[in-house]
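Per the numbering used here, the sequence shown starts with residue 13, numbered consecutively.
By construction, the Cβ of each residue, glycine as well, lies at the ideal position given by its N, Cα and C atoms.
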Amino acid sequence: MYRMALLILRDGDAAKDVVHDVFEALLKTRAPAVTGAYLLKAVRNRCINHINSLSVHDRLKEFYSIDEQEIDDEDWPDDETIALIQSTVANELTEACRRVVNLRFTDGKSYKEIASFLGISEVAVYKHLRHAIDVLRLKLSQNG
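This is the structure we're talking about:
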């Protein structure tokens with residue numbers, strides 16, 4: 013159960029917490045007979061609940077496996093990196109994608125606010141942002 017939670021969450025502490033929570037719930041309800049399949053499904057569901065409880069920033073960080081310790085806050089982003097990011101956003105993204113990126117990161121609007129403002133779905137906002145991040149990641153890795 014722990015290994016499955018670890019595969020889903022990619023965080024050892026969170027995986028232990030999830031498995032612990034499943035057993036704690038079982039002890040509280042005093043379930044008479046529990047199968048292995050039931051336990052695995054319960055762990056999977058708790059993992060999904062854990063992921064859903066994370067903020068969008070935390071989800072993206074986990075999705076892209078960004079290790080914040082790899083980035084020294086004093087040196088990154090430097091002026092050259094900022095210029096590259098701005099140039100990439102201006103020249104390599106579609107107009108719609110560029111508008112979503114600017115509303116999100118310049119104006120600090122939420123997905124819901126952006127969707128309402130542009131008349132698109134929140135899923136479309138997410139897809140535009142994900143595309144922008146993929147383009148930026150590729151560009152930064154080529155120049156890094």
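Label D119 either buried or exposed according to how many other C-beta atoms from any shown protein chain fall within 10 Å of its C-beta, with 16 as the threshold for buried.
Looking up residue 119 in the sequence shown gives position 107. So D119 counts as exposed.
Close-in-space but distant-in-sequence residues of the same chain around L5 (CB under 7 Å, 5 per side omitted):
Outside the modelled stretch of the chain, which goes from 13 to 156, sits residue 5, for which no answer is possible.
Return the CA-CA distance between V34 and G24, expressed in angstroms with no decimal places.
For the purposes of this step, residue 34 is taken as the residue at position 22 of the sequence shown. For the purposes of this step, residue 24 is taken as the residue at position 12 of the sequence shown. The alpha-carbon atoms of V34 and G24 are separated by roughly 16 Å.
What is the DSSP secondary structure of D159, reduced to helix, strand or coil?
The structure shown does not extend to residue 159, since the chain is modelled only from 13 through 156, so no value can be given for it.
Alpha helix (DSSP H) segment containing I63, residue limits:
For this step, residue 63 is matched to residue 51 along the sequence shown. Taken as a continuous stretch (DSSP letters only), the alpha helix (DSSP H) holding I63 covers G48 to S65.
If you follow the alpha helix (DSSP H) that A119 is part of, which residue opens it and which one closes it?
As a first step, residue 119 must be located in the sequence shown, where it is residue number 107. Here the sequence assigns Asp to residue 119, which means Ala is not the residue at that position. From DSSP, D119 is part of no alpha helix (DSSP H); its letter is neither H nor E.
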